[in-house]
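Participant:
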Amino acid sequence: QVQLVESGGGSVQPGGSLRLSCAASRNILSINAMGWYRQAPGKQREYVAGITDDGRTNYADSVKGRFTISRDNAKNTVYLQMNSLKPEDTAVYYCNAAVFTTRVVDYWGQGTQVTVSS
Numbered sequence: 206q207v208q209l210v211e212s213g214g215g216s217v218q219p220g221g222s223l224r225l226s227c228a229a230s231r232n233i234l235s236i237n238a239m240g241w242y243r244q245a246p247g248k249q250r251e252y253v254a255g256i257t258d259d260g261r262t263n264y265a266d267s268v269k270g271r272f273t274i275s276r277d278n279a280k281n282t283v284y285l286q287m288n289s290l291k292p293e294d295t296a297v298y299y300c301n302a303a304v305f306t307t308r309v310v311d312y313w314g315q316g317t318q319v320t321v322s323s
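Residues in the sequence shown are numbered consecutively from 206, following the working numbering.
#1: From Glu293 to Ser235, what does the alpha carbon distance come to, in whole angstroms?
#2: Taking Ile274 as part of the beta strand (DSSP E), name the residues at either end of that continuous run.
#3: When you compare only the Cα positions, how much space is there between Leu223 and Ala296?
#4: Look up Ser216 in the DSSP assignment and say whether it is helix, strand or coil.
#5: Cutting at 6 Å between CB atoms, please list the residues of its own chain near Gly214, excluding the five before and the five after it.
#6: At which residues does the beta strand (DSSP E) containing Ile256 begin and terminate?
Laid out in structure tokens, this is it:
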């Protein structure tokens, strides 16, 4: 079992920055991959960024060059630094943890709202 708690959402003007945090209830080195997804009103949840247990990162094309995912193993926390925010980044952002056993088991946080508006 993994509990995930997100924080750091809020409202910001276009061009601004926010940093999201996701605190896990257990050692994140025991989690195969962690990532961020987002869901805008009326749209399906979409992948934003991910980081594996060996530190490899991956990003959706829509956020490449603007968002950075990172991890602090000592704090069991994953971060999403979001720069140059656009109105289309407005969504609820969810933290995900994927544990690989005989199958992939996904855990989700409760979500944090990010609103980009002038």
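Virtual Cβ for every residue (Gly too), placed ideally from N, Cα, C.
Facilitator: For this structure:
#1: 34 Å
#2: Phe272 to Asp277
#3: 13 Å
#4: strand
#5: Thr317, Gln318 and Val319
#6: Glu251 to Thr257
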